[in-house]
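Participant:
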Amino acid sequence: MRQEAFIYPFEKLDVWRMAVDFAEKILELLENIPPNKHLRLISQILYVAEGSLYETITMIEIFRRRKIFDESTCLVLRNLSEDIDRKLNGLRNSLAGRHV
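For the sequence shown, the working numbering begins at 1143 and goes up steadily by one.
#1: Taking the alpha-carbon positions, what's the L1155 to L1222 distance?
#2: In angstroms with no decimal places, state the Cα-to-Cα distance between E1170 and L1230.
#3: From Y1196 to F1148, what does the alpha carbon distance come to, in whole angstroms?
#4: Look at the alpha carbon of E1213 and the alpha carbon of E1153, and state the distance between them as a whole number of angstroms.
#5: Within 10 Å of its beta-carbon, does L1219 have 16 or more other beta-carbons around it, so buried, or fewer, so exposed?
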């Protein structure tokens, strides 16, 4: 009999799932950049995407300005990031309300 995998509480959060989807889209775009091209930018975006949505948005803007990502791709990513930001703020506000 196969046992189901344990699901951590954070894995049930919409904002976590949205962040994972966002990271996948970033990785998909990064895979299309030629090897050794903009290696520092790629390393930085992979690092900050994990820890800071705002830093990731900044890097997306830099990639847009350097014509690495096109306008429509950046708009999609920006819209996704806005949704994630709203969910994170809602989650933070909800948690802060519980501790008051």
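Idealized CB from N, CA, C, for every residue including glycine.
Facilitator: Judging by the given coordinates:
#1: Each residue's Cα considered, the two are about 16 Å apart.
#2: The alpha-carbon atoms of E1170 and L1230 are separated by roughly 24 Å.
#3: The straight-line gap separating the alpha-carbon atoms of Y1196 and F1148 is approximately 31 Å.
#4: About 31 Å.
#5: In this structure L1219 is buried. Its beta-carbon is surrounded by 16 or more other beta-carbon atoms within 10 angstroms.
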